Each structure stands twice: as structure tokens, then as C-alpha cells.
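Just below is one structure, and these are the notes that go with it.
Residue numbers (the numbering used here), protein chains in the order written: chain A, 1412 to 1740; chain B, 8 to 86.
Dropping the structure here:
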């Protein structure tokens, strides 16, 4: 039990094929490629087709993660999905995905921790495995944010994209050991990043739709300040729990919300640019999907190798935040 | 070091401008080339350096170097 560990043994991601560039957005709202690029670092993002829902993106990402792990459907013992854009309020997206993957009737649930969702998922998976509740769990972060973006709000519509990432977590390695972590939330800041209508507080109505209150509302500067500080502190506390210092970090994968936030976080952690992974230019902010997409890219591109310490850090609606150290073995 | 010099130092570090450009009348956006996120980061640097909180409403009024110095003085900040 003391020696029991949780390993990432396979990763996968999927993004929709439709690319929406900054030039496309220039034709939709009063914006410019230069404005978007200098303020966010985003050049293009992926948009789900009308037929694609969050579970469809999850399905492909999960298949790739299972294939990388060498898992058969019968090997999976639970599926958890972090998302703010589930197919439905119920049933859970995880069960839809499990059914379509042909899994046995394993436990499935969704959880909502905004952009910190995937790290929250890894922390849950680690706890399940170390407590001997199970041996193999599929953790997915997936979003179709394009469905809840206000496409008339030039301040926010340029920032978000769709995608999914998955990780197969196993009690047996080798792989990325789920190490020191930190997670937290501050509900007092909730109103600064919110989808106001569509839940029990403000059910969907004609008035809500007319006011676009079913779309993302964000107070950018307040979120920016809190994001930088919370990601820095989450990363530092996760490192401390693992007994590592910031000099021991080989790679930072932070939530891809905004290049300026990533740069500020890296600076606050004293990390040089070559230790900071960035793919925001390709996908924009995909909320809970951003870290597992990035993780899959660094694994498949061979950027991550045994012996490396990878630090994850995220921040999102809630407000929530989280950090985790992955020690690759 | 005076409060004015400390504020100037923070602005020079963040915006990469010359110290002589950082006059009390200098406007962050029109004179010093800051964009909205630079301004947010500047406010964060002031918060960290002087150990205080600057609300968004307060920050929106701090458009010039002199306004920042006046604001910090009004909060009893000295160096």
C-alpha cells in the first residue's frame, strides 16, 4: 500500500477538424489578428461541427489514450469527465462515452471545476488508486465551448475553442507518476467568470436568450490577476509536497488560457521559456481540455522522457485552481 | 529611495521604457505604450511591491504615473 502509485500510462487527444482563424473572426466581429495575437497569443481555434457534442470529442480522445496504454475495453474500471459543456445536464457525458467505447458497466460521472477540471480529475484518480478502490481509471477533460460563447462579444469570443484530452491512469507503470498536488477554490470570486443562465438560478427563458445570458461572462482583468497568482501558488505547493524545488522542474504545462498569463506564471516561477510548453496559438482556451491536449502532445512528440519532472497548473471558473507534479518513470 | 523612484523602477521593469519617459504626466497607454493587460500586470506589481490591494474600480482611474503615486500616498504608502 505504501508503495502503491498511480501512473499515466497512455494519453490521447482529439480536436474538431474545423479551424477558425483570427482572419475569420475579423469578418465576424470588430477585431483584428494583431489585437487577438498580442493580447492572447491565439492564432486559431477548433470549432465542433453541428453534429459533434462533447461526448464525441471525448470518445476519440479516450480511444487514443486506451490504445496508447494498451488497454482493452474490459480493462477500464471507471470513467470520469471534467467539463463545463456536457452533452446534457444529465445523463453524464462519462456514461455516454463508456457505452460507446463498449466498456462494461463501470462507474461513470462528470464533474465541473472549470478550467482546473483535468487536474481535479487526476487528483481524484490518484486517490482512487492509492486507496485501492480500483486499478485503472480513464480521466477526460473535454469541452465544446463554442456552444456557450457569445459570438457578438469581441472581448471573449476570440478566446475559446473546442477539444478533448484523455489520460489512462493505472496502478502499474511505467509512465508519469501522479505526485504532489494542490487544489483549492474561492466561491467569492464566482461571479467574475460565469454562465449566468441555463441552471436552476436562472432557467433558460426567452429573456435570458435575448440577453445572451446563456453565454460566457468574464471579467478579464480580475481573472488575469487571480490566474497568475493561483497557478504560481498551486505549482509551488505541489512541488513542495513532492519535495522538489522550482529548479527541479523540467517542463511546465499550465492551462492554456492566454499567452500573457502563461508568461507571467512562468516568470513568477523563475522558469525560462524553453521549460514552458505552449500550444495556445493552435487551440485557444479549451478549458478542462487544454492540459490533457498539451500533455498528449508532449508525450507523443517525445518532449517528455523518463527522469523528467513535469508540473501542471490550472485555474478557472469557480474560481478553482490546481497543480500537480508528474514524475516520469 | 523615494516612492516616485520605486514606482518608476517598477514601470521601467514592466514596460521596458526609459526612466526619463516616466514623468508624472505620462499616460500608461498613450505615452508609455501599455495595453490593457500590461496595466493589469503593473497593478499586480504595485500590489506586490507595496503590499496592498487595488480594486478594478481604483485601477481604472490610475491612468498616469502621477495618479499612481497620488493613490499610493493616499494609502499612506512610503518607501
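For every residue, glycine included, the Cβ atom is placed at its ideal position computed from N, Cα and C. All values reported here derive from a predicted model rather than from experimental measurement.
Review point. Residues in the region 1611-1637 of chain A with C-beta within 9 Å of chain B's C-beta atoms, listed in sequence order?
Key: Residues of the region 1611-1637 of chain A with a C-beta less than 9 Å from any C-beta of chain B: 1630, 1631, 1632, 1633, 1635, 1636, listed in chain order.
Review point. Do residue 1690 of chain A and residue 1667 of chain A have their CB atoms nearer than 8 Å?
Key: For the purposes of this step, residue 1690 of chain A is taken as residue 279 along the first chain, with counting starting at 1. For the purposes of this step, residue 1667 of chain A is taken as residue 256 along the first chain, with counting starting at 1. Result yes, Cβ atoms of residue 1690 of chain A and residue 1667 of chain A sit closer than 8 Å.
Review point. Using 8 Å as the limit for Cβ to Cβ distance, is residue 1639 of chain A near chain B?
Key: Numbered from its first residue, the first chain carries residue 1639 of chain A at position 228. Yes, because at least one Cβ of chain B sits closer than 8 Å to the Cβ of residue 1639 of chain A.
Check your understanding: Under 8 Å Cβ-Cβ, which residues of chain B neighbour residue 1449 of chain A?
Key -> Position 38 of the first chain, counted from the first residue, corresponds to residue 1449 of chain A. Simply 42.
Review point. Nearest-angstrom Cα distance between residue 1472 of chain A and residue 1592 of chain A?
Key: Numbered from 1 along the first chain, position 61 holds the residue referred to as residue 1472 of chain A. Numbered from 1 along the first chain, position 181 holds the residue referred to as residue 1592 of chain A. Going from the Cα of residue 1472 of chain A to the Cα of residue 1592 of chain A covers about 24 Å.
Check your understanding: Apart from the five residues just before and just after residue 1701 of chain A, which ones in its own chain have a Cβ nearer than 6 Å to its Cβ?
Key -> Numbered from its first residue, the first chain carries residue 1701 of chain A at position 290. Excluding residues within five positions, the ones whose Cβ falls inside 6 Å are 1666, 1667.
Check your understanding: Any Cβ of chain A within less than 8 Å of the Cβ of residue 73 of chain B?
Key -> By one-based count along the second chain, residue 73 of chain B stands at place 66. By this cut-off, residue 73 of chain B is not an interface position.
Review point. Would you say residue 1675 of chain A faces chain B, with C-beta separation under 8 Å as the test?
Key: Working through the first chain from its first residue, we reach residue 1675 of chain A at position 264. Yes, contact with chain B.
Check your understanding: Tell me the DSSP bridge mates of residue 1629 of chain A?
Key -> Working through the first chain from its first residue, we reach residue 1629 of chain A at position 218. BP columns for residue 1629 of chain A point to A:1604.
Practice item. Indicate whether at least one CB of chain B lies closer than 8 Å to the CB of residue 1657 of chain A. Key: Taking the first chain and counting its residues from 1, the one referred to as residue 1657 of chain A is at position 246. Chain B contact via Cβ: absent.
Review point. With 8 Å set as the bound, which would you pick, yes or no: does the beta-carbon of residue 1643 of chain A sit closer than that to a beta-carbon of chain B?
Key: Locating residue 1643 of chain A in the first chain gives position 232, counting from the first residue. By this cut-off, residue 1643 of chain A is not an interface position.
Check your understanding: So what does DSSP say about residue 1519 of chain A, is it helix, strand or coil?
Key -> To locate residue 1519 of chain A, count along the first chain from 1; it is residue 108. Of the three classes helix, strand and coil, the one that applies to residue 1519 of chain A here is strand, per DSSP.
Check your understanding: With 16 other CB atoms within 10 Å as the buried threshold, where does residue 1520 of chain A fall?
Key -> Along the first chain, read from residue 1 onward, the residue named residue 1520 of chain A stands at position 109. The Cβ neighbour count for residue 1520 of chain A, taken over all protein chains shown within 10 Å, is under 16; the residue is labelled exposed.
Exercise for review: Please list the partners that residue 1671 of chain A has in chain B, where partner means a Cβ-to-Cβ separation under 8 Å.
Suggested key: By 1-based counting over the first chain, the position of residue 1671 of chain A is 260. Ordered by position in chain B, the residues that pass the 8 Å Cβ test against residue 1671 of chain A are 44, 48.
Review point. Residue 1431 of chain A and residue 1455 of chain A look like a contact to me (Cβ under 8 Å); what is the Cβ gap, rounded to whole Å?
Key: By 1-based counting over the first chain, the position of residue 1431 of chain A is 20. By 1-based counting over the first chain, the position of residue 1455 of chain A is 44. Yes, residue 1431 of chain A and residue 1455 of chain A are in contact; Cβ-Cβ is about 6 Å, under 8 Å.
**Study point:** Beta-carbon separation (whole angstroms), residue 1589 of chain A vs residue 1417 of chain A, contact threshold 8 Å
**Key:** Counting from one through the first chain, the residue named residue 1589 of chain A turns up at place 178. Counting from one through the first chain, the residue named residue 1417 of chain A turns up at place 6. Their Cβ separation, rounded to whole angstroms, is 4 Å, which keeps residue 1589 of chain A and residue 1417 of chain A in contact under 8 Å.
**Study point:** Own chain partners of residue 1483 of chain A with C-beta closer than 7 Å, once the 5 adjacent residues on each side are dropped
**Key:** Position 72 of the first chain, counted from the start, is the residue given in the question as residue 1483 of chain A. For residue 1483 of chain A, where only same-chain residues beyond five positions count, there are no Cβ hits under 7 Å.
Practice item. Please decide whether residue 52 of chain B counts as near chain A, where near means a Cβ-Cβ distance under 8 Å. Key: If you number the second chain from 1, residue 52 of chain B lands on position 45. With 8 Å as the cut-off, residue 52 of chain B does not count as an interface residue toward chain A.
Check your understanding: Helix, strand or coil: how does DSSP classify residue 1439 of chain A here?
Key -> Looking up residue 1439 of chain A in the first chain gives position 28. Correct three-state label for residue 1439 of chain A: coil.
Practice item. Step through the CB atoms of chain B and report whether any lies within less than 8 Å of the CB of residue 1412 of chain A. Key: Residue mapping note: residue 1412 of chain A aligns to position 1 of the first chain, counting from 1. With a pLDDT of only 48 at residue 1412 of chain A, under the threshold of 50, the placement of this residue in the model should not be trusted; the figure read from the coordinates follows. By this cut-off, residue 1412 of chain A is not an interface position.
Check your understanding: If you run the structure through DSSP and keep just helix, strand and coil, what is residue 1665 of chain A?
Key -> One-based indexing of the first chain puts residue 1665 of chain A at position 254. Strand, per DSSP.
Review point. Does the distance from the C-beta atom of residue 1697 of chain A to that of residue 1642 of chain A stay below 8 Å?
Key: Looking up residue 1697 of chain A in the first chain gives position 286. Looking up residue 1642 of chain A in the first chain gives position 231. Not a contact, by the Cβ cut-off of 8 Å.
Exercise for review: Below 6 Å CB to CB, which residues in the same chain sit around residue 1555 of chain A once its five sequence neighbours on both sides are set aside?
Suggested key: Within the first chain, numbered from 1, the residue matching residue 1555 of chain A stands at position 144. Here the set comprises 1459, 1465, 1496, 1573.
Exercise for review: Consult DSSP for residue 80 of chain B and reduce its assignment to one of helix, strand or coil.
Suggested key: Walking along the second chain from the start, residue 80 of chain B turns up at place 73. DSSP places residue 80 of chain B in helix when its eight states are reduced to three.
Review point. So, helix, strand or coil for residue 1563 of chain A, using DSSP?
Key: The residue you call residue 1563 of chain A lines up with position 152 of the first chain. Of the three classes helix, strand and coil, the one that applies to residue 1563 of chain A here is coil, per DSSP.
Point to revise | DSSP three-state assignment for residue 1487 of chain A, whether helix, strand or coil | key: The count along the first chain starts at 1 and reaches residue 1487 of chain A at position 76. In the structure shown, residue 1487 of chain A sits in coil (DSSP, three-state: anything other than H, G, I, E or B).
Review point. For residue 63 of chain B, which residues in chain A fall below 8 Å Cβ to Cβ?
Key: Here residue 63 of chain B is taken as the residue at index 56 of the second chain, counted from 1. Going along chain A in sequence order, the residues near residue 63 of chain B (Cβ under 8 Å) are 1630, 1632, 1633.
Check your understanding: Out of A:1616, A:1586, A:1737, which has the shortest C-alpha to C-alpha gap to residue 1662 of chain A?
Key -> Translated into the one-based positions of the first chain, residue 1662 of chain A becomes position 251. The option with the nearest alpha carbon to residue 1662 of chain A is A:1737.
Practice item. Specify the secondary structure class of residue 1646 of chain A as computed by DSSP and reduced to three states. Key: On the first chain, position 235 is the one that residue 1646 of chain A refers to. DSSP places residue 1646 of chain A in helix when its eight states are reduced to three.
Check your understanding: Where does the unbroken alpha helix (DSSP H) through residue 14 of chain B begin, and where does it stop?
Key -> One-based indexing of the second chain puts residue 14 of chain B at position 7. Counting along the chain, residue 14 of chain B sits inside the alpha helix (DSSP H) bounded by residues 10-22.
Review point. Roughly how many angstroms separate the alpha carbons of residue 1488 of chain A and residue 1654 of chain A, rounded to a whole number?
Key: The residue labelled residue 1488 of chain A in the question sits at position 77 within the first chain. The residue labelled residue 1654 of chain A in the question sits at position 243 within the first chain. Rounded to whole angstroms, residue 1488 of chain A to residue 1654 of chain A spans 31 Å at the Cα level.
Review point. What's the gap between the Cα of residue 1634 of chain A and the Cα of residue 28 of chain B?
Key: As a position in the first chain, residue 1634 of chain A is number 223, starting the count at 1. As a position in the second chain, residue 28 of chain B is number 21, starting the count at 1. The alpha-carbon separation between residue 1634 of chain A and residue 28 of chain B amounts to approximately 30 Å.
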